[in-house]
Structure formats: C-alpha cells, structure tokens
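In our numbering, the protein residues as written are 3 to 351.
Here the structure is laid out as structure tokens; the discussion comes afterwards.
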C-alpha cells in the first residue's frame, strides 16, 4: 500500500536534456532549484499524483554499477549528494537518447520525506522528465484595456515520465515504481530499460499480471479458427481462466491445465506457448504455483472480452455458459449463424 499524502519535497535539481542523435545539448544546473512553499506544493502534486496504482520494479543489480543504484545509494547515504548525483543521471540519460524520436526535455531529480509504503515511513527519490509542452492563453489588463497573449508551458496535470525510488530493499536493487506515457517503440524502451535499467519485482502482483497476459495472448494467438477453434470455444477458455483465478487465492498451474484447458492437445499447446513466451523469457521467471493478487485481477480482467461482434448488426454479450449457443453455416444464405438456447426472456423497461 502506497500513501504519499504527507510526502514533503526536500530538494530538487533540474537539467536540460537534448537529443544527442539530433545534436541537442545537455545543460546541467550548477545549483539546486529553490522553490517557495506554494510552488513546492504544486510541483509535488504534479510529480506524485500519477502514482495511484503502482507496479513495482527493482533496478537491475546484475549489471555492473548501474547508474540508478549508484545514484540512489549515494543520495540516501548523504542528502547533500543530490545535485552531484543528479548531474550523473542527466549525463547518463543524455547518452541514452540515441533515437531520433526521443523528445528533448527537462530532467528533475528530487528528494522526498514522509512516504508511507506498506505502513513504513520512508524517504524516497523522484526522477522525472517533462517532454510535452502545451500552449496556454494569458489575459491581462492595463488601464481598463484587456490583452490576450499565448505562452508555452508544462501541463501540471500530466506527467510524461517518472520514477520513485524508495529507501528499502537496497540489496535487491531498491523498490521503485514508474510512469511512462509512451507505451511502445524504441522511444519507450530507452527510459525503462536503457536509462533506468529495471526489472519487475518478483511479487504476486507481477506474477498474476504475467499469468493473465500469458493466458490472454495464448487464446488470441493459438485458439483461433485456423487451428479449428471456434470463437465461442476461445471465449469459454478465457472466461473459465478468469473464473478460476477469481475463485482460487492460490494458483496451481497443473490444476489450471486440468480444470480449464482440459484437452491434452490444448494443454500441450499451452505448455509450448509458455516456454517460448517472450515476456517470461526476458525476465527469467517461471509461472508454476503463485498467490493470486486481487488488485491485478481487478485491473486486467476487463481485457478478457465477453462479447462477440457480428458484422455491424449485432453484439452478443455472453455472461454465462457459451455452450448454450450453437454456431453454424446456412448454405442457402451463404452466411454463418448462431442458435441460442434459453428458458426465460425479459425486456428492459
């Protein structure tokens, strides 16, 4: 449980990060930024409000002296090292901007106190980058004459990139969470994997999330009509998977395969798909028996579809047993059809 309500900004350093590949500049500040209390509160809200449902990571401790771990350990040991280590992070980020689509922007490295994580009060470091600029209108008046001008600035209701590093689990690479509004492409990878160099925290949330993604992708990629699997059968497996995880606090891979997948050929296909599933191979994780995280189920279950779209005419919403439907083909009309079996019908008032 993360609570940043009483977190207080104690120090901040800002640097300008250009795109190295596009001959942009790196401009490092010589001093920490001094903020008045009202502006400090505004900036803190901009930085921290984005971390409402965090997913947890660690810096990758397997690499030789990763910049994030080195900066965090130095700053946590001596708050006065904030500016010096922020310059090191700025230089490292500048070296990572080796893609033409990476936007230039400002890097903010902050020190906070008063964060609550799992009922423990902790100091934490914030690493943020602003990239997007918005245009704002400004109205002024002088001697009863109004003027309207435009200015370019930062939208404080949107954080482009961010990372919170908490002073705990140092041996594992510190506990941290991130924000990145760019979700794909090389311009997304550089922040998470090249600059921060992080890996998922091996907890129940990550494992449950990985399991949901694995099951969903298996259904989407393998349980398809080209493999003689009807959309109804695919949806039945997806729905049964969700129900199994919702009713079992502990997930058993063997039990899941026997109760949900059932058919030996489907089980074998699933096992083969799991062995070659790239997200698991990248993070070197095995999914066998895990504790199901309810928050991960709540966040991801919406991605399991319960509807079949038929051309532009119909949507079939299936909330129960798909076996109460039959799928066929009408030779005379040259069209597919569904047959529904039911006992009672009602009409909305």
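For each residue, glycine too, the CB sits at the ideal point set by N, CA and C.
Among residues of its own chain, excluding the 5 on either side of residue 201, which ones have a beta-carbon nearer than 7 Å to its beta-carbon? Within the chain shown, numbered from 1, the residue matching residue 201 stands at position 199. Closer than 7 Å at the Cβ level, and outside the excluded window around residue 201, lie 59, 60, 62 and 285.
Are the beta-carbon atoms belonging to residue 133 and residue 105 less than 8 Å from one another? Locating residue 133 in the chain shown gives position 131, counting from the first residue. Locating residue 105 in the chain shown gives position 103, counting from the first residue. Yes, the pair counts as a contact, with Cβ atoms nearer than the cut-off.
Could you give the first and the last residue of the continuous beta strand (DSSP E) run that contains residue 138? What you label residue 138 is simply residue 136 of the chain shown in a count that begins at 1. It spans 136-144 - the beta strand (DSSP E) in which residue 138 sits, taken as one unbroken run.
Taking the beta carbon of residue 169 as the centre, do at least 16 other beta carbons fall within 10 Å, making it buried, or is it exposed? Numbered from 1 along the chain shown, position 167 holds the residue referred to as residue 169. Looking at its Cβ environment, which holds 16 or more other Cβ atoms inside 10 Å, residue 169 is buried.
Taking just the CA atoms, how far does residue 311 sit from residue 317? Start at 1 with the first residue of the chain shown, and residue 317 comes out as number 315. Start at 1 with the first residue of the chain shown, and residue 311 comes out as number 309. The straight-line gap from Cα to Cα measures roughly 5 Å.
How many angstroms separate the CA atom of residue 191 from the CA atom of residue 349? Residue mapping note: residue 191 aligns to position 189 of the chain shown, counting from 1. Residue mapping note: residue 349 aligns to position 347 of the chain shown, counting from 1. Distance between the alpha carbons of residue 191 and residue 349: 50 Å.
Taking C-alpha atoms, which residue in 19, 54, 196 and 281 lies nearest to residue 215? Indexing the chain shown from 1 puts residue 215 at position 213. Considering only alpha carbons, the answer is 281.
Output the residue ranges of the alpha helix (DSSP H) runs that lie fully inside the region 11-86 and measure 4 residues or longer, sorted by chain position. 39-50 and 69-79
Looking at residue 35 and residue 15, is the spacing between their C-beta atoms short of 8 Å? The residue given as residue 15 occupies position 13 in the chain shown. The residue given as residue 35 occupies position 33 in the chain shown. In contact: residue 15 and residue 35 (Cβ atoms closer than 8 Å).
Secondary structure at residue 201, three-state DSSP: helix, strand or coil? For this step, residue 201 is matched to residue 199 along the chain shown. Strand.
Does DSSP put residue 2 in a helix, in a strand, or in coil? The first residue shown for the chain is 3 and the last is 351, placing residue 2 beyond what the model contains.
Excluding the five sequence neighbours on either side, which residues of its own chain have a C-beta within less than 6 Å of the C-beta of residue 12, listed in chain order? Start at 1 with the first residue of the chain shown, and residue 12 comes out as number 10. So the qualifying residues of the chain are 113 and 115.
Residue 235: first and last residue of the uninterrupted alpha helix (DSSP H) it sits in: To locate residue 235, count along the chain shown from 1; it is residue 233. Segment 233-249, the alpha helix (DSSP H) holding residue 235.
CA-to-CA distance, residue 154 to residue 140, given in whole angstroms: Residue numbering aside, residue 140 sits at position 138 when the chain shown is read from its first letter. Residue numbering aside, residue 154 sits at position 152 when the chain shown is read from its first letter. Between residue 140 and residue 154, the C-alpha separation is close to 10 Å.
May I ask you to verify whether the region 205-215 touches the region 93-110, counting CB pairs closer than 8 Å and requiring at least 3? no
Are the CB atoms of residue 129 and residue 143 within a distance shorter than 8 Å? Stepping through the chain shown from its first residue, residue 143 is reached at position 141. Stepping through the chain shown from its first residue, residue 129 is reached at position 127. No, these two residues do not count as a Cβ contact at 8 Å.
When you compare only the Cα positions, how much space is there between residue 2 and residue 246? Only positions 3 to 351 of the chain appear in the structure, and residue 2 is not among them; the question remains open.
Given this structure, state the Cα-to-Cα distance separating residue 27 from residue 88, to the nearest angstrom. The residue labelled residue 27 in the question sits at position 25 within the chain shown. The residue labelled residue 88 in the question sits at position 86 within the chain shown. Roughly 16 Å separates the two Cα atoms.
Between which two residues does the alpha helix (DSSP H) containing residue 327 stretch? On the chain shown, position 325 is the one that residue 327 refers to. Here residue 327 belongs to no alpha helix (DSSP H); instead the beta strand (DSSP E) covers 327-332.
DSSP three-state call for residue 255: helix, strand or coil? The residue labelled residue 255 in the question sits at position 253 within the chain shown. Residue state, collapsed to three classes: helix.
Distance, Cα to Cα, residue 17 vs residue 197? Here the question's residue 17 lines up with position 15 in the chain shown. Here the question's residue 197 lines up with position 195 in the chain shown. For residue 17 and residue 197, the distance between alpha carbons rounds to 15 Å.
Measure from the C-beta of residue 155 to each C-beta in chain D and report whether the shortest distance is under 8 Å. Here there is only one protein chain, and chain D is not present.
Beta-carbon contacts of residue 2 that lie in its chain and below 6 Å, excluding the five residues immediately before and after: Since the first residue shown for the chain is 3 and the last is 351, residue 2 is missing from the structure and cannot be characterised.
CB of residue 329 within 8 Å of CB of residue 335, strictly: Position 327 of the chain shown, counting from 1, holds the residue named residue 329. Position 333 of the chain shown, counting from 1, holds the residue named residue 335. Not closer than 8 Å, so no.
From which residue to which residue does the beta strand (DSSP E) around residue 149 run? If you number the chain shown from 1, residue 149 lands on position 147. Residue 149 -> beta strand (DSSP E) spans 147-155.
Length of the line joining the Cα atoms of residue 331 and residue 232: Within the chain shown, residue 331 is the residue found at index 329, counting from 1. Within the chain shown, residue 232 is the residue found at index 230, counting from 1. Going from the Cα of residue 331 to the Cα of residue 232 covers about 13 Å.
Should residue 78 and residue 125 be called a contact, given that it needs their Cβ atoms to be closer than 8 Å? Stepping through the chain shown from its first residue, residue 78 is reached at position 76. Stepping through the chain shown from its first residue, residue 125 is reached at position 123. Contact flag set, yes.
If you draw a straight line from the C-alpha of residue 242 to the C-alpha of residue 228, how long is it? On the chain shown, residue 242 is found 240 positions in, with the first residue counted as 1. On the chain shown, residue 228 is found 226 positions in, with the first residue counted as 1. If you take the alpha carbons of residue 242 and residue 228, they lie about 22 Å apart.
Using only CA atoms, which one of 272, 291 and 199 lies nearest to residue 221? Position 219 of the chain shown, counting from 1, holds the residue named residue 221. The residue with the shortest Cα to Cα distance from residue 221 is 272.
For the putative contact between residue 207 and residue 297, defined by C-beta atoms under 8 Å, what is the C-beta separation to the nearest angstrom? If you number the chain shown from 1, residue 207 lands on position 205. If you number the chain shown from 1, residue 297 lands on position 295. With a Cβ gap of about 6 Å, residue 207 and residue 297 count as contacting.
Over the uninterrupted beta strand (DSSP E) stretch that includes residue 168, give me the two end residues. Translated into the one-based positions of the chain shown, residue 168 becomes position 166. Residue 168 -> beta strand (DSSP E) spans 163-168.
Span separating the alpha-carbon of residue 74 from that of residue 157: Translated into positions along the chain shown, residue 74 becomes position 72. Translated into positions along the chain shown, residue 157 becomes position 155. Answer to the nearest angstrom: the Cα atoms are 28 Å apart.
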